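Residue numbers (this note's numbering): 1321 to 1900.
Here is the structure we will look at, set down as structure tokens.
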């Protein structure tokens, strides 16, 4: 398949493998109520970009006068796109969750580049945050999103969205219809109205898990029967719980009109039509979904050839049933994956260096003697702006039920700190405007976590082990505190909602301050222990001093390089370093 035909050459990370300049690439994992250990609904999202500064966004609940307008700015660039009518009432939004336990994540798959509409007003980022401000359930969010793009035009390339609430998890995949004529009063008879998007939304069956990572994953789907599957012509029926598939009425018609598809309607595959899989999409994108699926089911090895880009027709299912139920801790660990445990393991090839670094600096694709090669792109990556695991709990009041386990930078080197969806203020460390990619701030969590993570990359095998001990202690403590406080907070909300919201806000703020204090201590510890390539001896965090001078270490360790590294050095230098 010729890569140039699809917009993996636009935004998705897969583009890095086909020569385009990549700026975005994200990962989402989805866990339904019946697939989680405690009945929570869980979705995860890593916002990976070399151009995204990590912050925790906040839109307070508000009431607006009739006729008020909302200015739309593209999330990725800040470019002004236009104005749309403001909703008369909006809900409190903290990051990617709201006060009604609605949670939304995304990954960009790009798709066919000719379908991008330069006249659209709603970009994918604005679509997320507008939906969160206006929706009370996952189904409500889907309806809001597809109506917004239909009315105002869609300004981005192809997107996969994770849309969840305390009861359900959905995947919505959409793509534009190409440039629309703003002056056209009426669509020619028999032709597709080019304003808006074509899309398919599917509910993940309870007890199952799913994922997406910069490659469209919805293939064939049940055609409309008016009962379990409907089109946007019956969109009011989306609130009927029997409905599990919804799609735009023209999703197949546009494909025929553009010459993408000429088969029977029942054979139509959204992904294969609008975002065909190529080597880059499989290896850099679908491999991340494979890693998650492979961790929760022992029979997923059969799809390794697909994940490696060797058999592009052997596609993975959209969702699978895990062999055991997952906790929010399990999902956090999945976001920290570097393909450990199977042949793509990033710690095991020469690119990891002598200390097992599971990261590769960009670009991901490279050439040697006319042959093209790639480095792996795993779930955890160095250029993450922010990462979260959203947890919706049906047994709690909505306002204090949803928790955004939020972290900055590399998921493997962050601390997921609990942020309630009802919070009325954002902790200083996460606040919008506290620093930028071009402005260092000593009070910014983004800069602190980058400082620690980038330092550990120098001698990863040893330094990350020290980081992990602090990380696990903090996260375990936060989970225990949240669980211990839940009943009390629920009771307080029933008696005094405002006080409960204030306590939830104060709790999240205190946790953030604790995370910052502990991570600053960790940086100081790592700096002392590992400065100049040495390793000072310590026990339980206390450095051992010389018996003759308490200001001098008892000794300094210098671990040997592994033999394979020595061999590589000798081969590359010949007799240059040989002792004579």
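All C-beta atoms in this analysis are idealised placements derived from N, C-alpha and C, irrespective of residue type, glycine included.
These numbers come from a predicted model, not from an experiment.
The three-state secondary structure of residue 1507, taken from DSSP, is coil. DSSP places residue 1851 in no beta strand (DSSP E); its state is neither H nor E.
In the DSSP assignment, residue 1814 forms no beta bridge with any residue. By the Cβ neighbour-count rule, residue 1857 is exposed, with fewer than 16 other Cβ atoms within 10 Å of its own. Annotation for residue 1438: 1499 place their beta carbon closer than 7 Å to its own, counting only its chain and skipping 5 residues before and after. Around the beta carbon of residue 1371, fewer than 16 other beta carbons lie within 10 angstroms, which makes this residue exposed. CA-to-CA, the gap between residue 1751 and residue 1734 works out to about 17 Å.
Per the C-alpha coordinates, the member of 1694, 1708, 1693 positioned closest to residue 1700 is 1708. Per DSSP, residue 1691 lies in no alpha helix (DSSP H); the unbroken beta strand (DSSP E) holding it starts and ends at 1691 to 1694. A residue is called buried once 16 or more other Cβ atoms fall within 10 Å of its Cβ, and residue 1893, having fewer, is exposed.
With 16 or more neighbouring CB atoms inside 10 Å of its own CB, residue 1639 falls in the buried class.
1495 is the residue among 1423, 1495, 1511 whose C-alpha sits nearest the C-alpha of residue 1477. Measuring C-alpha to C-alpha distances from residue 1654 to each of 1837, 1610, 1740 identifies 1610 as the nearest. Membership of residue 1768 in the alpha helix (DSSP H) is indicated by the continuous run 1765 to 1776. Between residue 1473 and residue 1442 a beta carbon distance of about 7 Å is seen, short of the 8 Å cut, so the two are scored as contacting. Closest in alpha carbon position to residue 1813, among 1719, 1641, 1695, is 1719. Your pair residue 1563 and residue 1550 checks out as a contact, with CB atoms roughly 6 Å apart and the cut at 8 Å.
Straight through space, the alpha carbons of residue 1532 and residue 1602 are spaced by roughly 11 Å. Between residue 1736 and residue 1795, the CB-CB gap stays under 7 Å.
Annotation: the continuous alpha helix (DSSP H) that includes residue 1449 extends over 1444 to 1454. Under the criterion of beta carbons closer than 8 Å, residue 1738 and residue 1828 qualify as touching, at roughly 6 Å.
Within the DSSP secondary-structure output, residue 1409 pairs in a beta bridge with 1383. Between residue 1742 and residue 1616, the CB-CB gap reaches or exceeds 7 Å.
1487 is the residue among 1487, 1493, 1449 whose C-alpha sits nearest the C-alpha of residue 1712. Ranked by Cα distance from residue 1696, the first of 1663, 1688, 1782, 1715 is 1663.
Between residue 1608 and residue 1352, the beta carbon gap of about 19 Å keeps them out of contact (Cβ cut-off 8 Å).
Scanning its chain for C-beta atoms nearer than 6 Å, with the 5 sequence neighbours on each side dropped, one finds around residue 1666 the residues 1658, 1659, 1678, 1696, 1698, in chain order.
Taking a cut-off of 8 Å for Cβ pairs, the region 1440 to 1458 and the region 1676 to 1690 do not touch, as fewer than three such pairs fall below it. Of the candidates 1410, 1502, 1409, 1447, the residue whose Cα lies closest to the Cα of residue 1425 is 1447. Looking at the backbone, the Cα of residue 1480 and that of residue 1830 are separated by about 34 Å.
For residue 1356, no beta strand (DSSP E) encloses it, and the DSSP letter there is neither H nor E. A direct Cα-to-Cα measurement between residue 1780 and residue 1833 gives close to 26 Å. When secondary structure is reduced to three states using DSSP, residue 1876 falls in the strand class. The residue from 1823, 1868, 1569, 1879 with its alpha-carbon nearest to that of residue 1850 is 1879. In this chain, the beta strand (DSSP E) harbouring residue 1723 covers 1723 to 1728. DSSP places residue 1799 in the helix class (H, G or I) of the three-state scheme.
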